[in-house]
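Residue numbers (our numbering): 3 to 157.
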């Protein structure tokens, strides 16, 4: 994911990643375009095809994983100043994933969270489980692959 200041109406070329098979699943570099519309939308496209359109809100994080652009969707509520609040859950290809957690009224992660690996996709279903306090990771975080525990990390 990329964070930056973007201008509405501009089209940006982004370097990202996509999965491919070569004896085993890997990622390769790819490029795609994003456009910020005057209607506060972000449009992701590649080779002239629209891959995803989403409401920008106050979102300044741009996805760079092509598989996630195509298939991952987060759902939840926005509070005052368009900050994420309450419970948020994720969907992959329309099917709800057992991931997510809650944001407080200031948009900070709190309590137990199940997070996706940065390069999460169907052939790398890695998640992390741990606790947040006022937006900061706390204590031990467990790593899972297909819901089987792999390791623990202490923050």
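Backbone N, C-alpha and C define an ideal beta-carbon position, used for all residues, glycine too. Keep in mind it's a predicted model, so treat the numbers as computed, not measured.
Integer Cβ distance of residue i from residue j, believed to fall under 8 Å
i	j	result
residue 77	residue 93	7 Å
residue 16	residue 34	6 Å
Straight-line Cα distance separating residue j from residue i
i	j	result
residue 143	residue 156	6 Å
residue 154	residue 58	35 Å
residue 138	residue 50	40 Å
residue 159	residue 140	Any question about residue 159 goes unanswered here, given that the chain covers just 3 to 157.
residue 96	residue 130	21 Å
residue 115	residue 127	16 Å
residue 68	residue 31	10 Å
Test item: CB-CB of residue i and residue j under 8 Å
i	j	result
residue 111	residue 103	yes
Endpoints, the alpha helix (DSSP H) within which residue i is located
i	result
residue 43	Taken as a continuous stretch (DSSP letters only), residue 43 belongs to no alpha helix (DSSP H), being part of the beta strand (DSSP E) at 43-48.
residue 69	68-73
Unbroken beta strand (DSSP E) run spanning residue i, endpoints
i	result
residue 56	51-57
residue 152	150-156
| field | Runs of beta strand (DSSP E) wholly within the region 75-145 (minimum 3 residues, chain order) | value | 86-94, 97-105, 111-118 and 128-135
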